[in-house]
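Okay, so the sequence shown: first residue is 1 according to the UniProt record's numbering, each after it adds one.
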Amino acid sequence: MTMNDIKAVEVFAGTSWESGLVKSLLENAEIEVFVQDEIQGNLVPWYTSPGGTSSIRLVVSSENEEKAREVVNQYMTDIARR
């Protein structure tokens, strides 16, 4: 994979609380993660997206996409069980 092939990939979108938790899980898996729309999502979540959901997005390098999606999918599975 060349530098031109590497892209930013959104792997999660949610509330401030959810995004913070998933960000920690990704960092614990040694995946560098970037937060988009954090300030706007916290101040005016209804502006960022309809209904105020999915307002804060987590983005990783396409190099880490597969591993990041595994972490996010495990989180979603664990939440669904509760």
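All C-beta atoms, glycine included, are put in the ideal place defined by N, C-alpha and C.
Sort the options by Cα distance to residue i and report the nearest one.
i	options	result
Leu25	Asp37, Gln36 and Phe12	Phe12
Val59	Thr77, Gln36 and Asn28	Gln36
Ser55	Asn4, Glu70, Asn73 and Gly20	Gly20
Asn64	Ala29, Thr77 and Arg82	Ala29
Asp5	Ala80, Ser61, Thr15 and Gly14	Ser61
residue 86	Val72, Arg81 and Arg82	There is simply no residue 86 to check, as the chain begins at 1 and stops at 82 in what is shown.
Can the beta-carbon of residue i be found less than 8 Å from the beta-carbon of residue j?
i	j	result
Ile31	Ala8	no
Glu18	Arg57	no
Tyr75	Val22	yes
Locate the beta strand (DSSP E) running through residue i, then write down its first and last residues.
i	result
Ile56	Ile56 to Ser61
Glu10	Ala8 to Gly14
Val33	Premise fails: Val33 is in no beta strand (DSSP E) and is neither H nor E.
For the alpha helix (DSSP H) that residue i lies in, which residues bound it at each end?
i	result
Val72	Glu65 to Arg81
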